[in-house]
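Data block below; observations after.
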């Protein structure tokens, strides 16, 4: 190259209710001199907010951390507290909790694929523009999202921040007639989800294999949602209670959000990591759909995350069908006997591993809480990905091409901040 | 039977409850009279995002009520058309606003044949749970107009002109 271009790309602070994000990129002498994703994570405030609260207030408080994945926060919280108090959970309650989680995966993934990610890959400014050319795909996505929301509403009382989840079980059993209606809709949605897997696999995704460490839960005999050990593709196999022995959160100067590292290195959580680590836990019809789509697993292409989300929608529908077929009324919520102590739990939020730890006094009042959300865990990985992806794309590309690829990379992780759609405005300073 | 959906969009915060208050007041009006017209759906929705389209599905006519900043002095009721609802999806993320959802619905040809958006002007300060008297009064009056509309089937246009006249006549 005759001359090396210097680029200083600044995506300024972005203020939206779900959070704030910003991107900084400096290129000098044909190399990336600086790349930083700045995120301001609201969940940090909740840990202090929980102190002094009764244990039975926790599910309703943590649900408010996220409007897209409130169930994940409730599930990690109630399991941690039940572990702490030694509260037994009956099989029907366990099944309904998994069904509730299926609903959340379906609505969250359907939203991300169709409204947030697909426009990037198909070359549209946003989902509204995309809907004019791909109305069937967008309508399918909205219908799947609505079904996911209705599963939440049926089990949780409402589709956002459900209210039926409590430590020890459910405050109210779902209406059998409503479950019957769900069963029919889930049956009808299965072929739609199969089509969706094929559709995502046919998207013109960038080819960019990278070396990254996948981390997810793993369960002896099912695809992980509410329980499992924390495993990685580098040999990690850890009880959820030992998370803090290997995972560290550190502050970085460019962000108020914590960066997480596994043994000092970035790692990936979320659908692709989950799928890579749990291929053998897919029900046969879902594994067959993966084969038909030509997706080879484990995949090192981060952009396959969009296919992984579609696969997990199909999986969640199959699981929901199975759980509904065997569904029995849950026991009334177990009587909880609080005690002093501390315990941790992790579940698989749509965006990845969500780890909670609670410490209580003898009355069950929260003395301390720690919540490690997936987006914060992925932050260092996103920065590494930005660096590798933009280098692979070619740093001599014009600013618009660099910005678009950078945004596509960030959105591909479905970070739970406002950067999930084309909100980034760009200011470029040329040296 | 004409299927009518009247949807109030809002959040629990201050005057942003305006749309919900209209639905509450309309339900009370209909309850008082002991019957609700057939085919009528009323719903108060908390920031529904794209799920709003699901709520509109199947309706022959729909009225959407939301609070709006910059729509005049608090309590003013304005009828908005599509051009006034400026969809700006570039500024939105997970939370699709009403304007974006309606633009998406239009692109998908998934909106009811007759759709009216009514904005109740608020001053934008939505802290706390209190609703201003101006907005509460506007919601009550609008609910009364809407009740007459669903019962008497007078034209939508006329109803909402009356709603505005009632306000400006004070």
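Chains as they are written, first to last, in the working numbering: chain A, 1 to 431; chain B, 1 to 170. Where is the CB? At the ideal position from N, CA and C, for every residue including glycine. No experiment lies behind these values; they were computed from the predicted model shown.
Per-residue DSSP class, three states only, for residue 113/A
Looking at residue 113/A - three-state DSSP - the assignment turns out to be helix.
Practice prompt. Kindly say whether residue 145/A, judged by its beta-carbon, lies nearer than 8 angstroms to any beta-carbon of chain B.
Written response: yes
- request: State the beta-bridge partners of residue 34/A as determined by DSSP.
  value: 26/A
(Q) Please list the terminal residues of the continuous alpha helix (DSSP H) segment that includes residue 356/A. (A) Segment 352-360 is the beta strand (DSSP E) holding residue 356/A; no alpha helix (DSSP H) there.
Could you tell me which chain B residues have their CB closer than 9 angstroms to the CB of residue 159/A, listed as they occur along the chain?
48, 51
In three-state terms, what does DSSP make of residue 337/A? Coil.
Check your understanding: How many angstroms separate the CA atom of residue 142/A from the CA atom of residue 66/A?
Key -> Across the structure, residue 142/A and residue 66/A are spaced so that their CA atoms are roughly 20 angstroms apart.
Interface partners of residue 85/B on chain A, CB under 7 angstroms:
Ordered by position in chain A, no residue passes the 7 angstroms Cβ test against residue 85/B, which lies about 12 angstroms from the chain.
Checklist entry - What is the rounded straight-line gap between the Cα of residue 363/A and the Cα of residue 51/A? => result 13 angstroms
If you measure beta-carbon to beta-carbon, which residues of the region 124-142 of chain A are closer than 7 angstroms to chain E?
No chain E appears in the structure shown, which is made up of the protein chains A and B.
Original post:
Run through DSSP, which three-state label would residue 210/A get?
Top reply: Taken through DSSP and simplified to helix, strand or coil, residue 210/A comes out as coil.
Shortest alpha-carbon distance to residue 60/B belongs to which of 79/B, 40/B, 23/B, 78/B? 40/B
is_contact[residue 139/B, chain A] using C-beta, thresh 8 angstroms = Under the 8 angstroms criterion on CB atoms, residue 139/B is classed as non-interfacial with respect to chain A.
Self-check item: Close-in-space but distant-in-sequence residues of the same chain around residue 132/B (CB under 7 angstroms, 5 per side omitted)
Solution: 15, 74
Exercise. Interface residues of chain A around residue 108/B at Cβ under 7 angstroms?
Worked result: What residue 108/B touches in chain A: 131, 135, 138, 139.
DSSP three-state label for residue 56/B, please.
helix
Spell out whether any CB of chain B is found under 8 angstroms from the CB atom of residue 203/A.
No, residue 203/A lies away from the interface with chain B (no Cβ there is under 8 angstroms from its Cβ).
So the candidates are 35/A, 95/A, 327/A; which of them puts its Cα closest to the Cα of residue 252/A? If we check each option's Cα against that of residue 252/A, 35/A comes out closest.
*Who are the neighbours of residue 463/A on chain B, taking C-beta pairs under 9 angstroms?*
Chain A is shown only over 1 to 431; residue 463/A falls outside these bounds and no answer can be derived.
Practice item. Tell me, please, which residues DSSP counts as bridged to residue 41/B. Key: 5/B
*Segment contact, 8 angstroms Cβ cut-off, at least three pairs: the region 350-363 of chain A with the region 264-274 of chain A*: yes
Subject >> Chain-ordered neighbours of residue 149/A on chain B, where CB pairs are closer than 7 angstroms >> reply: 51
>> With H, G and I counted as helix, E and B as strand and the rest as coil, what does DSSP make of residue 94/A?
In response: If DSSP states are grouped into helix, strand and coil, residue 94/A belongs with the helices.
Residue 52/B versus residue 98/B - alpha carbon distance
8 angstroms
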